[in-house]
Amino acid sequence: MLSYRIFAKFSPSRQEVGQATLAFFQLYSFRRRAPSQVDSGGRVSQFCPVSAIGRRPARRAAAANGDFLVNFASDNTAAVAPGIMDALLRANDGFALGYGNDALTRDVEKRIGELFECDAAVFLVPTGTAANALSLAHVTPPWGGVLCHEQAHIMSDECGAPEFFGGGLKLIGLRGAGCKLTRDTVAGAIARYSGHVPHQVNASALSITQATEAGTVYRVDEIAAMSEVAHAHGLAVHMDGARFANALARMNVTPAEATWKAGVDVLSFGATKGGAMAAEAVVFFDREQADFMPERRKRAGHLLSKHRFLAAQFEGYLNDGYWLALARHANAMADRLADGLRACGVPIVWPVDANIVFALLPQALDAKLKAAGAAYYVRPKTLAGDDVAIAPDQMLVRLVTSFATVESEIEKFASLVQSG
Ligand SMILES: Cc1ncc(COP(=O)(O)O)c(C=O)c1O
């Protein structure tokens, strides 16, 4: 009772709470963002025009608390892109209907359809795993098979989510240089996984990753050739577009040309790796293929109650081509990184098509770089398959850039490699 009275006496009006919250965020944003327009070397990055991708989130200096001197571990180690955080803050006002029935969600769904130049059915979810698993479950019967690269994220990094949500569907891993499949590989697998019913799993869908796990990008003609053979045999075509923006930024084509016009039926359109906090869109290019997808998403626990915050992230991401500006920057940083490593004599494994660089580092140099505070992942040599000859003392390392990477990090890393 006493506490209630004290609260009642001092409780501010809703307007006051709103003003105080806004003031807090403005102060917080100012304090966090002030140093962000210049890199840690004090220069504005030539690949980081403030007008194009906005402020860079502030970072603390390297310390024993988990920060690194340079961080190429993944694009999800970056913070949220400022334009997306701003959109979240704008959405953080007043009331909005839940479960996607709000105006912002409707608007974003419409905008995604416009972006892809079709009447798309769009479902926002918070993770790429959910987007992939639910898409694949929707286009594949539980007794069907999904053809994919043997190194695909759905195959090796989603803890069986596609199989689980797909009621037991089977992922069929195929080989291919640079983590890419070809028309011939797909045709061969379809021949292998057709017929002998009801005994064997039949291929029901094809899933390709854009950009691939090797950082390579499928060109439109490659997608079209695989889609053609898949459709001819009744398979649906899914694209895991966790880094769709990076791929598109590299190619001079439209989102429609890179997807449904080349035969893609359903896309996991990622925003998280590109700078969002947690937002992906499942995009069905033919609305009729999305029947009962609302129920599938809900049943899987992926229909967010405060859905407007998913939509807000896409609003910020898509505004004024922000998503492509962020991706172009990340790609440019990867190019710069690969050039810097090549100049030091480090072999680069696959074409750098997106924001991922694979390199071969001597073991001793790897240890030195790690000790100096460089973050990146060493990948199993098996990832390279038969494509690449790797010497016993070499390590296959993956370096990922993001919208937040600045040139000074590349330079620091290159000079560590040089002095190694
Ligand atoms: C190619 C690819 N697809 C899907 C995902 C899954 O995203 P999430 O970690 O949000 O589930 C990732 C994440 O690393 C990825 O790299």
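First residue of the sequence shown: 617, per this note's numbering; consecutive thereafter. Note that the Cβ used here is the ideal one computed from N, Cα and C, for glycine as well. Just so it is clear, the structure is predicted and the values come from calculations on it, not from any experiment.
Nonlocal neighbours in the same chain, by C-beta distance under 7 Å from residue i, ignoring five residues either side
i, result
"Phe707", "Rather than Phe, the amino acid found at residue 707 in this sequence is Ala. If we look at Ala707 and ignore the five residues flanking it on each side, its Cβ neighbours are Leu720, Arg924, Phe925, Ala928."
"Lys564", "In the structure as shown, the chain begins at 617 and stops at 1036. Residue 564 is therefore absent and cannot be evaluated."
"Asn687", "Thr693, Ala991"
"Ile1026", "Met949, Arg952, Leu953, Gly956"
"Arg958", "Ile964"
"Val869", "Val836"
"Glu766", "Gly789, Leu790, Arg791"
"Ala878", "Val836, Ile839, Ala840, Ser843"
"Ala906", "Ala737, Phe900"
"Arg913", "Phe739, Val741, Leu750, Leu919"
"Trp966", "Gly794, Ala830, Gly831, Thr832, Phe974"
Beta-ladder partner(s) of residue i, from DSSP
i, result
"Pro978", "Gln1010"
"Thr825", "Asp856"
"Ser884", "Asp856, Val898"
"Ile964", "Ala975"
"Cys764", "Gly789"
"Asn687", "Ala991"
"Ala737", "Phe900"
"Leu752", "Beta-bridge pairing links Leu752 to no other residue."
"Leu1015", "Val973"
"Ala874", "DSSP output for Ala874 lists no bridge partner at all."
"Ala819", "Gly761"
Ligand 1 heavy atom lying under 7 Å from the CB of residue i
i, result
"Asp856", "yes"
"His765", "no"
"Asn947", "no"
"Glu829", "yes"
"Asn748", "yes"
"Thr825", "yes"
"Gly879", "no"
"Thr693", "no"
"His918", "no"
"His812", "no"
"Gly782", "no"
"Gly760", "no"
"Gly890", "no"
"Thr875", "no"
"Thr870", "no"
"Gly744", "yes"
"His849", "no"
"His769", "yes"
Cβ distance (whole Å) where residue i is taken to contact residue j below 8 Å
i, j, result
"Ala990", "Leu1032", "7 Å"
"Leu942", "Ala697", "6 Å"
"Val899", "Phe885", "5 Å"
"Val962", "Ala950", "About 14 Å; that fails the 8 Å criterion."
"Val833", "Asp969", "4 Å"
"Gly811", "Leu785", "Not really, about 18 Å apart at Cβ, beyond 8 Å."
"Phe1019", "Ala946", "5 Å"
"Ala985", "Gln1010", "One point to set straight first is that residue 985 is Leu, not Ala, in the sequence displayed. Actually they are not in contact, since the Cβ atoms of Leu985 and Gln1010 sit about 14 Å apart, beyond 8 Å."
"Asp1003", "Gly794", "7 Å"
"Leu740", "Ala987", "Going by Cβ atoms, the distance from Leu740 to Ala987 rounds to 42 Å, so no, they are not a contact pair."
"Thr743", "Ser820", "The Cβ separation is near 23 Å, so there is no contact."
"Arg903", "Asp735", "6 Å"
"Ala861", "Leu797", "Wrong, their Cβ atoms sit about 21 Å apart, outside the cutoff."
"Ala863", "Ala807", "So it is not a contact: roughly 29 Å between Cβ atoms."
Same chain, Cβ closer than 6 Å to residue i, neighbours up to 5 away in sequence not counted
i, result
"Arg944", "Ala865"
"Ala746", "His918"
"Leu883", "Met855, Gly857, Thr875, Val899"
"Ala749", "Ala777, Pro778, Phe781"
"Met867", "none"
"Ala768", "Thr825"
"Thr637", "Residue placement at Thr637 is flagged as unreliable, the pLDDT there being 37, under the threshold of 50; a coordinate-derived value is accordingly withheld."
"Ala872", "Phe732, Glu733"
"Val738", "Glu725, Ile728, Ala897, Val899"
"Tyr938", "Gly699"
"Asp718", "Ala712, Arg924"
"Ala753", "Phe781, Gly782"
Proximity test, residue i beta-carbon vs ligand 3 heavy atom, cut-off 7 Å
i, result
"Glu779", "Summarising the ligand content, the structure contains ligand 1 and does not contain ligand 3."
Same chain only: Cβ atoms within 8 Å of residue i, ignoring 5 sequence neighbours per side
i, result
"Arg995", "Phe974, Leu1012, Val1013, Arg1014"
"Asn935", "Gly699, Ala703"
"Thr801", "Leu790, Arg791, Gly792"
"His847", "Val853, Gly879"
"Tyr809", "Gly761, Leu763, Ile788, Gln816, Val817, Asn818, Ala819"
"Ala689", "Ala991, Tyr992, Tyr993, Val1016"
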